[in-house]
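K.L.:
Residue numbering for the sequence shown follows my numbering, beginning at 231 and increasing consecutively.
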Amino acid sequence: MVVKSHGPRRRTREKFRKSTRMTVNAFVREFKEGSRVAIDIESGSPRGQPFKRFQGLTGTVKGRRGRAYIIQITDCGKPKTIIANPEHLKAV
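1. Would you mind sorting E260 into buried or exposed? The rule is 16 or more other CB atoms within 10 Å of its CB.
2. Enumerate in chain order the residues of its own chain whose CB-to-CB distance from G278 is below 6 Å, with the five nearest sequence positions on each side excluded.
3. I'd like to confirm the pairing. Which residues does DSSP put opposite K310 in its beta bridges?
4. Just checking E244 against the ligand SAH - is the residue's beta carbon closer than 7 Å to any of the ligand's heavy atoms?
5. Between which two residues does the beta strand (DSSP E) containing V291 stretch?
6. Which same chain residues end up closer than 8 Å to A256 when comparing Cβ atoms and leaving out the 5 residues on each side of it in sequence?
7. Pick helix, strand or coil for R283, following the three-state DSSP scheme.
8. Cα separation between V322 and A268?
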């Protein structure tokens, strides 16, 4: 029998499939406070990666923490705060 995986990337083989190559621009992208962003996880960069549940959600930039951004989203009617690096975010 096979032992079930309990890692942070379980059930993400299809969800995190890469479609394009990463560029330097994605890593140095800047967002202004209050701007809307979509969470689009870049599987090739595990640093600053938000939890897989938030893939595809949109939120508002509330500030910065180091080189990462603090994103405010609504998940099932509850406001939640996500910290993600710029390569995992896209402007909406």
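For every residue, glycine included, the Cβ atom is placed at its ideal position computed from N, Cα and C.
Computed from a predicted model, the values in this text were never measured in an experiment.
P.N.:
Well, looking at it:
1. Within the sequence shown, numbered from 1, the residue matching residue 260 stands at position 30. The residue in question, E260, is exposed, as its Cβ has fewer than 16 Cβ neighbours within 10 Å.
2. One-based indexing of the sequence shown puts residue 278 at position 48. A298, A314, N315, listed in sequence order.
3. In the sequence shown, the residue the question calls residue 310 occupies position 80. DSSP output for K310 lists I303 as bridge partner(s).
4. The ligand SAH is not part of the structure shown, which contains no ligands of any sort.
5. The count along the sequence shown starts at 1 and reaches residue 291 at position 61. First-last of the beta strand (DSSP E) with V291: 288-295.
6. Taking the first residue of the sequence shown as 1, we reach residue 256 at position 26. For A256, where only same-chain residues beyond five positions count, the Cβ hits under 8 Å are E272, P316, E317.
7. Taking the first residue of the sequence shown as 1, we reach residue 283 at position 53. In this structure, R283 counts as helix in the three-state DSSP scheme.
8. Sequence index remark: in the sequence shown, residue 322 carries index 92 (1-based). Sequence index remark: in the sequence shown, residue 268 carries index 38 (1-based). Approximately 6 Å, taken between the alpha carbons.
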